[in-house]
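Below is one structure; the comments refer to it alone.
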């Protein structure tokens, strides 16, 4: 790595992230069914119909995994809680084994000097709530606030930071418009409702945690740079529309009390009745914002229904996911968000990393170069005055990559999914040296 810890301000936090369904093993500890269990069981949805019942078996191996995080020299660990593990039906009865697991997990972080950075929801909706419409149902905001209260009454006293929901765009658009994630819908009305309710759910959870006396509460949004295929007005408009529903919709709700007009052009006819009345609720004061960033998209126009665009092949080098490598986009979003939405609010890079076709014994140079170039972009943003307070690598472990099963490897630590043996990669060791310098 070209960077070292001393390049960053004192107190700057380096972290690695995971998510519950992707690593824990959902077949353990009394966890309830999620809509990812049923989505994966439906033919054609997930590569080789792979699922998260065992995953990395983090449920039983978390001490070993946290040892790896601590040995790497990290300051913090970003994890998520599983709603269905804590409340198997999504409401009502609480699973004591689930609460006990997160209690042990948090204590183990603290024992190793890792600050706990919690995300309440990383996409594993209890199936009983999915049966009631899931994020399309306005009542989900209250159900989610109840979950926030239950889990944070148990572990909230030890949190460094908490965000309610990881990547609202994935919960709303990717899952309800493009159908690539559970519940696998392709319906613009469902999308409009889910995109709004994910923000009312976020807000109700913030209120619930404030009522418990918790501080350092934020939001985590994902961002993609939108590149028009050429400079024609049609291409520029298409790229702007993509930027609108991907990047500006959620920021508009959180920080401006309004959704972008170019997004409402397509979504407003399908929005929930009275949605305007929720905007004050959605704008709950936050203590920080997290940015997840990986890539850019090249966008071209088409003559179809709104949003009237196509994803086109870009010319840049790509990761195993087929995502273009464009670190300049991270610098852009850090400065843009700071200038136009958050002002002096601390920012965190809450996810950044690459999937690569790793094999043990390879030199891992691609991932090292990817991370190095993106950390450099973050350093430049700090030099430009952005109040960036931390950087989180995705992911600590190779894991269940949702609809892509186990073949896409984002981990700094290789996991053999037959034996579950963990082996740090060269990128892990390179980061360890950089963090020690």
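In our numbering, the protein residues as written are 1 to 437.
All C-beta atoms in this analysis are idealised placements derived from N, C-alpha and C, irrespective of residue type, glycine included.
In this text, all values refer to a predicted model and were calculated from it rather than measured experimentally.
Worksheet item: By how many angstroms is the C-alpha of residue 166 removed from the C-alpha of residue 213?
Response: Between the alpha carbons of residue 213 and residue 166 lies a gap of roughly 22 Å.
Discussion item. Please state the DSSP three-state secondary structure of residue 74.
Written reply: Residue state, collapsed to three classes: coil.
Worksheet item: Who are the near neighbours of residue 198 in its chain, counting only those whose CB is closer than 7 Å to its CB and skipping five residues on each side?
Response: Cβ neighbours of residue 198 within its own chain (closer than 7 Å, five residues either side excluded): 135, 165, 168, 171, 172.
Worksheet item: What does DSSP give as the partner residues of residue 324 in its beta bridges?
Response: Within the DSSP bridge table, the entry for residue 324 names 318 as partners.
Worksheet item: Which whole-angstrom value describes the C-beta separation of residue 98 and residue 31, a residue pair presumed to lie in contact below a C-beta threshold of 8 Å?
Response: About 7 Å separates the two Cβ atoms, so the contact holds.
Item to complete: Would you mind working out which of 130, 40, 57 sits nearest residue 49, comparing C-alpha positions?
Response: Nearest of 130, 40, 57 to residue 49, Cα basis: 40.
Item to complete: Please list the segments of the alpha helix (DSSP H) lying wholly inside the region 33 to 100, counting only runs of 4 or more residues, in order along the chain.
Response: The alpha helix (DSSP H) runs of length 4 or more contained entirely in the region 33 to 100 are, from start to end of the chain, 35 to 40, 58 to 71, 83 to 86.
Discussion item. Using a Cβ distance threshold of 8 Å, determine whether the region 148 to 161 contacts the region 43 to 63, with at least three qualifying pairs required.
Written reply: The region 148 to 161, when compared against the region 43 to 63, does not touch it at the 8 Å Cβ threshold.
Worksheet entry | Inter-residue Cα distance where the pair is residue 403 and residue 415 | Here the alpha carbon of residue 403 sits roughly 18 Å from the alpha carbon of residue 415.
Discussion item. Do residue 147 and residue 87 count as a contact pair if the criterion is CB distance below 7 Å?
Written reply: Contact: yes.
Worksheet item: Can you tell me where the beta strand (DSSP E) with residue 236 in it begins and where it stops?
Response: Element bounds for residue 236: not the beta strand (DSSP E) but the alpha helix (DSSP H), 233 to 243.
Worksheet entry | Assigned secondary structure, residue 117 (DSSP; H/G/I helix, E/B strand, else coil) | Residue 117: strand per DSSP, three-state reduction.
Worksheet item: Quick one: Cα of residue 190 to Cα of residue 437, how far?
Response: Taking C-alpha positions only, residue 190 is separated from residue 437 by approximately 50 Å.
Discussion item. Please identify the residue among 193, 263, 215 whose C-alpha is closest to the C-alpha of residue 118.
Written reply: Nearest of 193, 263, 215 to residue 118, Cα basis: 215.
Practice prompt. Measure the CB-CB distance between residue 62 and residue 105 and report whether it falls below 7 Å.
Written response: For residue 62 and residue 105, yes; Cβs fall inside 7 Å.
Practice prompt. Determine the DSSP secondary structure at residue 415, reduced to helix, strand or coil.
Written response: DSSP, read as helix, strand or coil, puts residue 415 in strand.
Fill in: Complete runs of the alpha helix (DSSP H) confined to the region 121 to 184 [at least 4 residues]
List check, alpha helix (DSSP H) in window: 127 to 130, 140 to 155.
Worksheet item: Alpha carbon to alpha carbon, what distance is there between residue 364 and residue 358?
Response: Straight through space, the alpha carbons of residue 364 and residue 358 are spaced by roughly 7 Å.
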